[in-house]
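A.B. asks: Attaching a single structure in structure tokens format; questions to follow.
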Amino acid sequence: MASPTAATVFNYIAFFLWSFQLAPQVYENYKSKSTGTLSPYMVLLWAVWAPIYASHALWSGVDLPVVIQPNVFGFLSGICWTQCTYYNPSRLRKKLGFHENNKCQAVAVFVALMSILAAIEVGLFYALKPSSAGLATALPILATALITSGFIPQYMFLWRTPDPSGISIPFLLMDMSGGIFSILGLLLAVENDDDEAWIRRLSCGSYAAVAALDAGLISLIIWLRPKHDSHASDVEILPVHKDAVVVGDPLVAT
432 MASPTAATVF
442 NYIAFFLWSF
452 QLAPQVYENY
462 KSKSTGTLSP
472 YMVLLWAVWA
482 PIYASHALWS
492 GVDLPVVIQP
502 NVFGFLSGIC
512 WTQCTYYNPS
522 RLRKKLGFHE
532 NNKCQAVAVF
542 VALMSILAAI
552 EVGLFYALKP
562 SSAGLATALP
572 ILATALITSG
582 FIPQYMFLWR
592 TPDPSGISIP
602 FLLMDMSGGI
612 FSILGLLLAV
622 ENDDDEAWIR
632 RLSCGSYAAV
642 AALDAGLISL
652 IIWLRPKHDS
662 HASDVEILPV
672 HKDAVVVGDP
682 LVAT
């Protein structure tokens with residue numbers, strides 16, 4: 432049963448949640464001076480998603496909030512990725528030559544990333560102006576693939592290194608809630624154009640996938656956290672015999 436008013440309310444709630452869901456993650460990274468096991472590849476894929484989705488939304492003539500949301504999300508994704516290169520660059524250092532705690536480098540990386548994403552968004556928008564049917568069809572599919580596949584490196588990293596530290600639960604809860612409210616808004620909206628029905632179905636599927644993947648990550652973190660905390664406490668209280676020789680101890684004669 433269609434309800435335009437309810438659909439609008441749900442869509443605005445989803446707009447807020449999906450615009451700022453990464454804000455708790457950005458704050459946690461800044462507060463702890465570390466990104467923990469947050470996957471830089473996940474947030475980078477999400478940053479790339481933003482101009483692809485936003486350019487198609489702008490070309491389609493949808494409401495302004497739908498155009499603003501991916502750009503805010505892409506901006507915060509870019510901050511998260513830059514924080515990964517600033518606080519924990521070891522996973523990227525060999526490939527890109529980043530150095531730890533280099534503020535000038537971090538600012539340069541962020542500005543370069545935002546410039547590239549802006550160029551992609553503008554370029555795709557003007558590429559769509561001649562009403563290229565193939566590109567207009569491909570962009571929503573590509574955007575869906577990017578936003579969902581972004582979870583894969585995070586799952587893989589958590590599975591290889593069962594350490595959930597650094598990943599913000601409020602961020603995942605906001606992301607999951609945004610997916611749920613988006614589904615509700617889509618189901619209650621009035622369908623005026625049957626030609627766009629496939630996009631609505633694709634969107635509904637991607638929203639459900641995002642919510643399910645977020646729920647899976649939350650469950651995995653809850654399951655791993657006691658194991659990791661227990662292991663960390665065992666290491667901290669490991670007794671050392673008074674006569675034991677510590678390798679590398681400068682007080683030990685060589």
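Basically the working numbering = 1-based index in the sequence shown + 431.
Here a beta-carbon is modelled for each residue, glycine too, at the ideal position from N, C-alpha and C.
Source: prediction; values computed, not measured.
1. Excluding five sequence neighbours on each side, which residues of the same chain lie with their C-beta closer than 7 Å to the C-beta of C635?
2. At 4 residues or longer, and completely inside the region 453-491: list those alpha helix (DSSP H) runs for me, N to C.
3. Just how far apart, CA to CA, sit A550 and T575?
4. Spatial neighbours of G467 within its chain, please: CB distance less than 7 Å, with the 5 preceding and 5 following residues excluded, ordered by chain position.
5. Could you check whether the region 466-480 touches the region 642-656, counting it as contact only if at least three pairs of C-beta atoms, one from each stretch, sit closer than 8 Å?
6. Would you kindly report the start and end of the unbroken alpha helix (DSSP H) that includes V553?
7. So what's S434 in DSSP terms, helix, strand or just coil?
8. Rounded to whole angstroms, what is the Cα-Cα separation between V542 and P593?
9. Here's the rule: buried if 16 or more other CB atoms are within 10 angstroms of the residue's CB, otherwise exposed. What is L495?
10. Please classify P688 as buried or exposed, where buried requires at least 16 other C-beta atoms within 10 Å of its C-beta.
11. In chain order, what residues of the same chain lie with their CB nearer than 7 Å to the CB of P571, ignoring the 5 residues before and after it?
12. Say whether chain C places a C-beta atom closer than 9 Å to the C-beta of K560.
13. Which residue marks the beginning of the alpha helix (DSSP H) containing P496, and which one marks its end?
14. Find out if the Cβ-Cβ distance for the pair D645, L604 is shorter than 9 Å.
15. Between which two residues does the alpha helix (DSSP H) carrying I600 extend?
C.D. replies: Concretely, from the data shown:
1. The residue you call residue 635 lines up with position 204 of the sequence shown. Within the same chain, C635 has close Cβ partners I614 and L617.
2. 454-463 and 471-491
3. Locating residue 550 in the sequence shown gives position 119, where the first residue counts as 1. Locating residue 575 in the sequence shown gives position 144, where the first residue counts as 1. Near 20 Å, if we compare the C-alpha coordinates of T575 and A550.
4. Counting from 1 along the sequence shown, the entry for residue 467 is found at position 36. Excluding residues within five positions, the ones whose Cβ falls inside 7 Å are S596, G597 and I598.
5. no
6. On the sequence shown, residue 553 is found 122 positions in, with the first residue counted as 1. Looking at the DSSP string, the run of the alpha helix (DSSP H) that includes V553 is K534 to L559.
7. In the sequence shown, residue 434 corresponds to position 3, counting from 1. Note: S434 maps to coil in three-state DSSP.
8. In the sequence shown, the residue the question calls residue 542 occupies position 111. In the sequence shown, the residue the question calls residue 593 occupies position 162. If you take the alpha carbons of V542 and P593, they lie about 33 Å apart.
9. What you label residue 495 is simply residue 64 of the sequence shown in a count that begins at 1. Counting Cβ neighbours within 10 Å, L495 comes out exposed, since fewer than 16 surround it.
10. One cannot answer for residue 688 here, as it falls past the ends of the chain, which runs 432 to 685.
11. As a working mapping, residue 571 is identified with position 140 in the sequence shown. Cβ contact annotation for P571 (same chain, cutoff 7 Å, sequence separation greater than five): H487, I630 and L633, in chain order.
12. Among the chains in the structure shown there is no chain C, since it carries only a single protein chain.
13. Mapped onto the sequence shown, residue 496 falls at position 65. Per DSSP, P496 belongs to the alpha helix (DSSP H) from L495 to Y518.
14. Numbered from its first residue, the sequence shown carries residue 645 at position 214. Numbered from its first residue, the sequence shown carries residue 604 at position 173. Yes. Within cutoff.
15. Translated into the one-based positions of the sequence shown, residue 600 becomes position 169. Going by DSSP, I600 is part of the alpha helix (DSSP H) stretching over I600 to L619.
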